[in-house]
Amino acid sequence: MRLMLISCEVLFREMCDAAARSPHQVDVEFLPKGLHDLGGKGMAVEMQRRIDAVPAGKYDAILLGYGLCGNGLHGISARHTMLVLPRAHDCIALLMGSREKHQQYFDEHPGTYYRSTGWLERGKGLQQLTHVTTGIDVTLDQMIEKYGEDNGRYLHEELTRYRSAYTRLTYIATGLEADSRFEEEARWEAAERGWEFERLAGNLVLVHRLVSGDWGGGDFVIAQPGERFRASYDDSIVRIEERA
Amino acid sequence: MPDLQKLYDAVLSGDRNTAVAVTQEAIATGGDPLELISKYMVPAMDEVGRLFECEEYFVPELLLSARAMKGSLELLRPLLAARGAQPVGRVVIGTVKGDLHDIGKNLVASLLEGGGFEVIDFGADVAPEKFIAAVQEKGANIVALSALLTVTMPAMRTTIDALKQAGVRERIKVMVGGAPVTEQFAAEIGADGYSDNASAAVTLARRLTATAVRP
Chain P
1 MRLMLISCEV
11 LFREMCDAAA
21 RSPHQVDVEF
31 LPKGLHDLGG
41 KGMAVEMQRR
51 IDAVPAGKYD
61 AILLGYGLCG
71 NGLHGISARH
81 TMLVLPRAHD
91 CIALLMGSRE
101 KHQQYFDEHP
111 GTYYRSTGWL
121 ERGKGLQQLT
131 HVTTGIDVTL
141 DQMIEKYGED
151 NGRYLHEELT
161 RYRSAYTRLT
171 YIATGLEADS
181 RFEEEARWEA
191 AERGWEFERL
201 AGNLVLVHRL
211 VSGDWGGGDF
221 VIAQPGERFR
231 ASYDDSIVRI
241 EERA
Chain W
1001 MPDLQKLYDA
1011 VLSGDRNTAV
1021 AVTQEAIATG
1031 GDPLELISKY
1041 MVPAMDEVGR
1051 LFECEEYFVP
1061 ELLLSARAMK
1071 GSLELLRPLL
1081 AARGAQPVGR
1091 VVIGTVKGDL
1101 HDIGKNLVAS
1111 LLEGGGFEVI
1121 DFGADVAPEK
1131 FIAAVQEKGA
1141 NIVALSALLT
1151 VTMPAMRTTI
1161 DALKQAGVRE
1171 RIKVMVGGAP
1181 VTEQFAAEIG
1191 ADGYSDNASA
1201 AVTLARRLTA
1211 TAVRP
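This is the structure:
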């Protein structure tokens, strides 16, 4: 088959590995990881635009290296070529190997920040677009400069308080790392924030199955031309919208 | 009596110190607390909401205006209570079980307070039983649920189901919100209302209260 993979750059190393090993011919396009900061609707518009830019008739399928991603894939439709999407809330499930494993880990470890090679090395991309408006990553000094001493301190406190809800940083190791620098960086970050550190062995089975065309068993959702993805808000995560 | 237009301006621009000072002066000179709220603060917050919707104001500006209004309300609330004034409604609010993201929820809570609601804020990661207890023991007539993750959205359904199980669902209105939440989802899980931003959440709560049982 001839396949077009459109993936978030956060899975850059994992997808490149899978593409290299795929029995099929795979073209790859990576999109900035900051797309999800645009919010579900904004991300979906951009995803649809990129999918629509793929030439009709050139590929047997367009593979999406994403999950539901905060509804960023909700409402995406296949125009001329079928779309294949893993059933996953986000890249963490793709790095852990299954949506069940992700759900279990999420339930057992609330307040966890996740890191992987992509999360550590990939640029902030579009994040600047949203930071201006939400103020979430703005420093105390920047807040004071913009809003004055009193209001600046207040805003900084309000917008960073969520960090105290986090207690753990989990580094998902995929085995594709060239050396130990990623893990060391993650350990340093956990120590810096006063969080517990955990190294979790990742599992790339979903990534490899996506790129090698092994889409059975209910782990992927396939949209044929004319069909559209919908968030299902249950264990299936994503489904095909019924036609009106 | 101070120039009360300054109170309007202070809330609109998020200037807490001025809002508090003008309120103190108004109280000292016999100003009517209800008039301060209904003629100056509520219109100012409505304007804040309008500016937010047309993207002239963003989350920081909303937070600052809510803060200015709260500063003033803290002074006025005891006076209103002494007169036996009732809140517009009693809202219990929290992020659903498993969700620790509370910035949006905090903003909605602040704006609801500013809109004259009594707000019981349970914070983040709130189990359904706590919402049920708030309805049974504290007489909340609106339950407001927030979720930031698609992973935790099913907990909104679970919470509403638990309210039904406990036999309190009919007594209250449920409103839901949070980045990935949609109107369609709200309808699917049987919520009474959905808002896609904090400012519109106040309008929604007012609409729901009009049809709800008063505390």
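As they're listed, the protein sequences go chains P and W. If you're matching positions, the first sequence starts at 1 in the working numbering and goes up one per residue. If you're matching positions, the second sequence starts at 1001 in the working numbering and goes up one per residue. We put the beta carbon where it would ideally sit given N, CA and C, even for glycine.
So, does the CB of residue i fall closer than 8 Å to a CB anywhere in chain W?
i, result
"residue 242 of chain P", "no"
"residue 109 of chain P", "no"
"residue 158 of chain P", "yes"
"residue 131 of chain P", "In this predicted model, residue 131 of chain P has a pLDDT of only 37, less than 50, meaning its place in the structure is not dependable; the value taken from the coordinates is given anyway. Closer than 8 Å: no."
"residue 234 of chain P", "yes"
"residue 39 of chain P", "yes"
"residue 155 of chain P", "yes"
"residue 194 of chain P", "no"
"residue 68 of chain P", "yes"
"residue 128 of chain P", "Low per-residue confidence applies at residue 128 of chain P: pLDDT is 36, beneath 50, and the placement is therefore not dependable, though the value from the model is reported in the following sentence. Residue 128 of chain P does not count as touching chain W."
"residue 231 of chain P", "yes"
"residue 190 of chain P", "no"
"residue 151 of chain P", "yes"
"residue 208 of chain P", "no"
"residue 44 of chain P", "no"
"residue 125 of chain P", "Confidence at residue 125 of chain P is low in this model, with a pLDDT of 46, below 50, so its placement is unreliable and the value that follows should be read with caution. Residue 125 of chain P does not count as touching chain W."
"residue 165 of chain P", "yes"
"residue 24 of chain P", "no"
Among the options, whose alpha-carbon lies nearest the alpha-carbon of residue i?
i, options, result
"residue 1173 of chain W", "W:1074, W:1149, W:1092 and W:1120", "W:1092"
"residue 1063 of chain W", "W:1047, W:1106 and W:1053", "W:1106"
"residue 1138 of chain W", "W:1205, W:1145 and W:1121", "W:1121"
"residue 197 of chain P", "P:234, P:121, P:161 and P:113", "P:113"
"residue 10 of chain P", "P:120, P:158 and P:210", "P:120"
"residue 56 of chain P", "P:81, P:234 and P:173", "P:81"
"residue 29 of chain P", "P:222, P:211 and P:224", "P:211"
"residue 1189 of chain W", "W:1180, W:1104, W:1170 and W:1160", "W:1160"
"residue 8 of chain P", "P:111, P:2 and P:35", "P:35"
"residue 99 of chain P", "P:204, P:229 and P:222", "P:204"
"residue 246 of chain P", "P:122, P:93 and P:214", "Outside the shown range of chain P, which is 1 to 244, sits residue 246 of chain P, and nothing can be said about it."
"residue 151 of chain P", "W:1067, W:1028 and W:1004", "W:1067"
Measure from the C-beta of residue i to each C-beta in chain P and report whether the shortest distance is under 8 Å.
i, result
"residue 942 of chain W", "Limits of chain W in this structure are 1001 at one end and 1215 at the other, which puts residue 942 of chain W out of reach."
"residue 1060 of chain W", "yes"
"residue 1085 of chain W", "no"
"residue 1112 of chain W", "no"
"residue 1014 of chain W", "yes"
"residue 1155 of chain W", "no"
"residue 1185 of chain W", "yes"
"residue 1106 of chain W", "yes"
"residue 1200 of chain W", "no"
"residue 1124 of chain W", "yes"
"residue 1075 of chain W", "no"
"residue 1180 of chain W", "yes"
"residue 1064 of chain W", "yes"
Is residue i near residue j, with beta carbons less than 8 Å apart?
i, j, result
"residue 68 of chain P", "residue 84 of chain P", "no"
"residue 1148 of chain W", "residue 1196 of chain W", "no"
"residue 227 of chain P", "residue 78 of chain P", "yes"
"residue 1026 of chain W", "residue 1043 of chain W", "no"
"residue 1088 of chain W", "residue 1065 of chain W", "no"
"residue 1006 of chain W", "residue 1018 of chain W", "yes"
"residue 1150 of chain W", "residue 88 of chain P", "no"
"residue 169 of chain P", "residue 190 of chain P", "yes"
"residue 13 of chain P", "residue 117 of chain P", "yes"
If you draw a straight line from the C-alpha of residue i to the C-alpha of residue j, how long is it?
i, j, result
"residue 75 of chain P", "residue 199 of chain P", "35 Å"
"residue 109 of chain P", "residue 166 of chain P", "10 Å"
"residue 1115 of chain W", "residue 240 of chain P", "41 Å"
"residue 40 of chain P", "residue 1033 of chain W", "42 Å"
"residue 1187 of chain W", "residue 115 of chain P", "35 Å"
"residue 1205 of chain W", "residue 1142 of chain W", "8 Å"
"residue 133 of chain P", "residue 24 of chain P", "Its pLDDT being 46, under 50, residue 133 of chain P is placed unreliably in this model, and the value from its coordinates should be taken loosely. Answer to the nearest angstrom: the Cα atoms are 43 Å apart."
"residue 1059 of chain W", "residue 1074 of chain W", "22 Å"
"residue 147 of chain P", "residue 19 of chain P", "49 Å"
"residue 46 of chain P", "residue 1117 of chain W", "39 Å"
"residue 1202 of chain W", "residue 1170 of chain W", "21 Å"
"residue 1111 of chain W", "residue 1162 of chain W", "27 Å"
"residue 1015 of chain W", "residue 1146 of chain W", "28 Å"
"residue 138 of chain P", "residue 149 of chain P", "15 Å"
"residue 1052 of chain W", "residue 1011 of chain W", "14 Å"
"residue 141 of chain P", "residue 1164 of chain W", "48 Å"
"residue 1037 of chain W", "residue 163 of chain P", "34 Å"
"residue 58 of chain P", "residue 3 of chain P", "9 Å"
"residue 66 of chain P", "residue 1181 of chain W", "19 Å"
Any heavy atom of the ligand FMN closer than 7 Å to the CB of residue i?
i, result
"residue 178 of chain P", "As for the ligand FMN, it is missing from this structure, which has no ligand bound."
**Request:** Go through the stretch 7-31 of chain P residue by residue and report every complete run of the beta strand (DSSP E) that reaches 3 residues or more, in order.
**Result:** 25-31
**Prompt:** Mind pulling the beta strand (DSSP E) runs of 3 or more residues that sit fully within the stretch 59-90 of chain P?
**Reply:** 61-65 and 83-86
**Request:** Only counting runs of 4 or more residues, tell me where the alpha helix (DSSP H) segments fall wholly within the stretch 179-211 of chain P, in order along the chain.
**Result:** 181-193
**Request:** Counting only runs of 4+ residues fully inside the stretch 1145-1185 of chain W, write out the alpha helix (DSSP H) ranges in chain order.
**Result:** If only uninterrupted alpha helix (DSSP H) runs of at least 4 residues are considered, those enclosed by the stretch 1145-1185 of chain W are 1154-1165.
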